[in-house]
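Trainee: Structure below; questions to follow.
Protein chains: 2
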Amino acid sequence: MDRADRAQGRHEHVLDSLGPAIVSGDCPPGSVLRTDELEERFDVSRTVVREVIRVLESMHLVASRRRVGVTVLPPEEWNVYDPRVIRWRLAGPDRPRQLRSLTVLRSAVEPVAAGLAARLATPEQCAELTEHALGMVATSRGQQLERYLVHDIAFHRVVLRASGNEMFARLGDVVAEVLTGRTHHQVMFTDPDPAAVTLHVRVAEAVRERDAARAEALTREIVTGAMAELDVLAP
Amino acid sequence: MDRADRAQGRHEHVLDSLGPAIVSGDCPPGSVLRTDELEERFDVSRTVVREVIRVLESMHLVASRRRVGVTVLPPEEWNVYDPRVIRWRLAGPDRPRQLRSLTVLRSAVEPVAAGLAARLATPEQCAELTEHALGMVATSRGQQLERYLVHDIAFHRVVLRASGNEMFARLGDVVAEVLTGRTHHQVMFTDPDPAAVTLHVRVAEAVRERDAARAEALTREIVTGAMAELDVLAP
DNA sequence: CGTAACTAAAACGTCATACTTATTGCCTCA
DNA sequence: TGAGGCAATAAGTATGACGTTTTAGTTACG
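Chain order of the listed sequences is A and B. Residue 8 is where the first sequence starts when you use the numbering used here, and the numbers rise one by one after that. Residue 8 is where the second sequence starts when you use the numbering used here, and the numbers rise one by one after that.
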């Protein structure tokens, strides 16, 4: 525990304390942090504090102005696509809202990505897709949620990567985060929806057969299901 | 010009030199930068260099390791949603590919955003939408491309914001960048496609009438047009 | 009495330097 | 030949000094 705590370097430690504090609303927008106060609070040098501030500034979480200090920016300014911001928000009280935002984003992106994948996926990627779809089938019953999750994440990652769009591909982590969050916050004894499993198999089929329209439509059904599921779980 | 050059601070100057150099492939992936070399190259102190490195690291453009130096990461690692990375890539040789990625992203997101906007837009937002759509009509003929562009950007910004999804809203800058790029790289004497203009007016209508399906479908037509247009312009 | 200009302080920005720590490559010894 | 230790290297951290900008307070003048 001692090693994981210090997370290799004072810098990361301070960042992983300040970042969550900001996105959780603990340091509300408009509040001011002074560097020397932070120095003292975390018992680190100005070097470290300044570097952390610069990183937070690059995420648009704070703005540093002379004579006034480091002011926390309102949420509308935040770089909500920064993986760390996403992680911090998912770990805080804003989790439901963040989960909803991400799921809506998924619902927009994944169908288009699947359509593109159907036109561009390599034979290897088609094989991977089929493999993971079958893996989902195999693990969809009997409380094997963890193993099911692995295949589910891998499936969506392959689709996003196979779309050939670098920006879609980068959403793989986001989808993984959402799926993981769903699994771990659900009652762990409910097996996955069989309909969803079937849909994945059919998407793999459609991609393999280069049927872009069908791949897109089927994926749209999947994400629609995810949205509906969210309504049950989130406030 | 002298003021804009120094851009308030050595930090930004170095960042705006190194960032573009990396995303343009000038510093190829795997190449190593040493901090003392950068100090000398930009004639700044270690403080500045280290802070720049930390910011670049937070964008996953580089990774800093002891005893080895700062290594440039491959493009797959980059935080391609970081506004600065997008701007740097649009300014470099990777521009066509980046423009294509962004347009594909638009084609996925904007229709869904329009559908949501139809359900959630406030009366004020509906009014803004109509206003800008009419503004587009008014400026669509007679070489008023600059003024047309302003309305076009504003229109899409309102849609994204009215969707109620923070992540969609943050794509407003991206869309603005794409639209600006298109206008400025097109022959400046060709007026906008009348069909596109009409579509915007009809989207505003659909949103005002709370017709989500129509708003989505019409927006899909718009972005399909944008994709087709891109095929003409980009290699 | 009000406004404008000036001054002083507060906080960040930058620089220079010394020291620490982790990593890697080389060299020695078995 | 291989394994282990030693030394060199470059990043990480700490600290003190000084510059710069912005704000607020104060004073002087109309």
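Note that beta-carbon positions come from the ideal geometry of N, C-alpha and C, so glycine has one too.
Select from the stretch 113-138 of chain B all residues with a C-beta closer than 8 Å to any C-beta belonging to chain A, and list them in chain order.
Mentor: Ser-114, Ala-115, Val-116, Pro-118, Val-119, Ala-120 and Leu-123
Trainee: Taking the alpha carbon of B/Leu-141 as the reference point, which residue from B/Leu-206, B/Pro-100, B/Arg-96 and B/Gly-149 has its own alpha carbon closest?
Mentor: B/Leu-206
Trainee: Spatial neighbours of B/Asp-89 within its chain, please: C-beta separation below 6 Å, excluding the five flanking residues on both sides.
Mentor: Apart from the 5 residues on each side of it in sequence, B/Asp-89 sits with its Cβ closer than 6 Å to the Cβ of Met-66 in its chain, given in chain order.
Trainee: If you measure between the beta carbons of A/Val-79 and A/Val-69, is that distance less than 8 Å?
Mentor: yes
Trainee: Spell out whether any CB of chain A is found under 8 Å from the CB atom of B/Val-75.
Mentor: no
Trainee: When burial is assigned at 16 or more other CB atoms within 10 Å of the CB, is A/His-192 buried or exposed?
Mentor: Around the CB of A/His-192, fewer than 16 other CB atoms lie within 10 Å, so the residue is classed as exposed.
Trainee: Considering only the beta carbon of each residue, do B/Leu-109 and B/Val-157 sit closer than 8 Å?
Mentor: The beta carbons of B/Leu-109 and B/Val-157 sit no closer together than 8 Å.
Trainee: Identify the continuous beta strand (DSSP E) that holds A/Thr-205 and give its terminal residues.
Mentor: Per DSSP, A/Thr-205 belongs to no beta strand (DSSP E); it is in the alpha helix (DSSP H), 201-215.
Trainee: May I ask you to verify whether the stretch 168-182 of chain A touches the stretch 103-118 of chain A, counting CB pairs closer than 8 Å and requiring at least 3?
Mentor: yes
Trainee: Could you give the distance in angstroms between the alpha-carbon of A/Ala-203 and the alpha-carbon of A/Arg-164?
Mentor: 17 Å
Trainee: Could you check the C-alpha separation between A/Glu-47 and A/Val-62 for me, to the nearest Å?
Mentor: Taking the straight line joining both Cα atoms gives about 19 Å.
Trainee: Taking 8 Å as the CB-CB cut-off, is A/Val-87 touching chain B?
Mentor: yes
Trainee: In whole angstroms, what is the alpha-carbon distance linking B/Tyr-155 and B/Arg-189?
Mentor: Going from the Cα of B/Tyr-155 to the Cα of B/Arg-189 covers about 12 Å.
Trainee: Would you mind listing the alpha helix (DSSP H) stretches within the stretch 18-61 of chain A that are 4+ residues and don't spill past its ends, in chain order?
Mentor: Unbroken alpha helix (DSSP H) stretches of 4 residues or longer found wholly inside the stretch 18-61 of chain A: 42-49, given in chain order.
Trainee: What residue range does the alpha helix (DSSP H) around A/Gly-122 cover?
Mentor: 102-127
Trainee: Out of A/His-139, A/Ile-160 and A/Thr-146, which one is the CA nearest neighbour of A/Thr-197?
Mentor: A/Thr-146
Trainee: If you follow the alpha helix (DSSP H) that B/Gly-171 is part of, which residue opens it and which one closes it?
Mentor: Where B/Gly-171 is concerned, there is no enclosing alpha helix (DSSP H), given that its DSSP letter is neither H nor E.
Trainee: By the 8 Å beta-carbon criterion, what residues does the stretch 172-203 of chain A contribute toward chain B?
Mentor: Asn-172, Glu-173, Met-174, Phe-175, Ala-176 and Arg-177
Trainee: Distance cutoff 8 Å, beta carbons only. Does B/Val-62 sit that close to anything in chain A?
Mentor: yes
Trainee: Taking 8 Å as the CB-CB limit, is A/Arg-221 close to chain B?
Mentor: no
Trainee: Residues of chain B with a CB under 8 Å from the CB of A/Glu-58: which are they?
Mentor: Arg-57, Glu-58 and Arg-61
Trainee: In the DSSP output, what is A/Ser-71 paired with across the bridge?
Mentor: A/Val-77
Trainee: Apply the 10 Å Cβ neighbour rule to A/Ala-115 and answer buried if 16 or more other Cβ atoms are within range, or exposed otherwise.
Mentor: Per the 10 Å Cβ criterion, buried.
Trainee: Closer than 8 Å by beta-carbon distance: list the chain B residues that pair up with A/Ser-108, in chain order.
Mentor: Result: Asn-172, Glu-173 and Met-174.
Trainee: Please confirm if B/Ser-52 has its CB atom under 8 Å from at least one CB of chain A.
Mentor: no
Trainee: On the premise that B/Gly-26 lies in contact with B/Trp-95, defined as a C-beta separation below 8 Å, what is that separation, rounded to the nearest angstrom?
Mentor: Contact flag correct, Cβ pair sits at about 5 Å.
Trainee: By DSSP, does B/Arg-164 sit in helix, in strand, or in coil?
Mentor: helix
Trainee: Using the C-alpha atoms, what's the distance from B/Ser-52 back to A/Arg-104?
Mentor: The straight-line gap from Cα to Cα measures roughly 43 Å.
Trainee: For A/Asp-89, name the three-state secondary structure that DSSP assigns.
Mentor: coil
Trainee: Return the Cβ separation of B/Gly-122 and B/Glu-223 in integer angstroms, given the expectation that the two are a contact with Cβ distance under 8 Å.
Mentor: Contact check for B/Gly-122 and B/Glu-223: beta-carbon distance about 4 Å, within the 8 Å limit, so the pair qualifies.
Trainee: For A/Ala-219, which residues of its own chain have a beta-carbon under 7 Å away from its beta-carbon, when the five flanking residues on both sides are left out?
Mentor: Gly-122, Ala-125 and Arg-126
Trainee: Got a sec: does the ligand NAP put a non-hydrogen atom nearer than 7 Å to the Cβ of B/Gly-179?
Mentor: Among the components modelled here there is no ligand, and therefore nothing to report on the ligand NAP.
Trainee: Please classify B/Thr-226: does DSSP put it in a helix, a strand, or coil?
Mentor: It is helical.
Trainee: Cβ of B/Val-111 less than 8 Å from any chain A Cβ?
Mentor: yes
Trainee: Straight-line CA distance for A/Thr-231 to A/Gln-150?
Mentor: 24 Å
Trainee: Any C-beta of chain A sitting closer than 8 Å to the C-beta of B/Ser-65?
Mentor: yes
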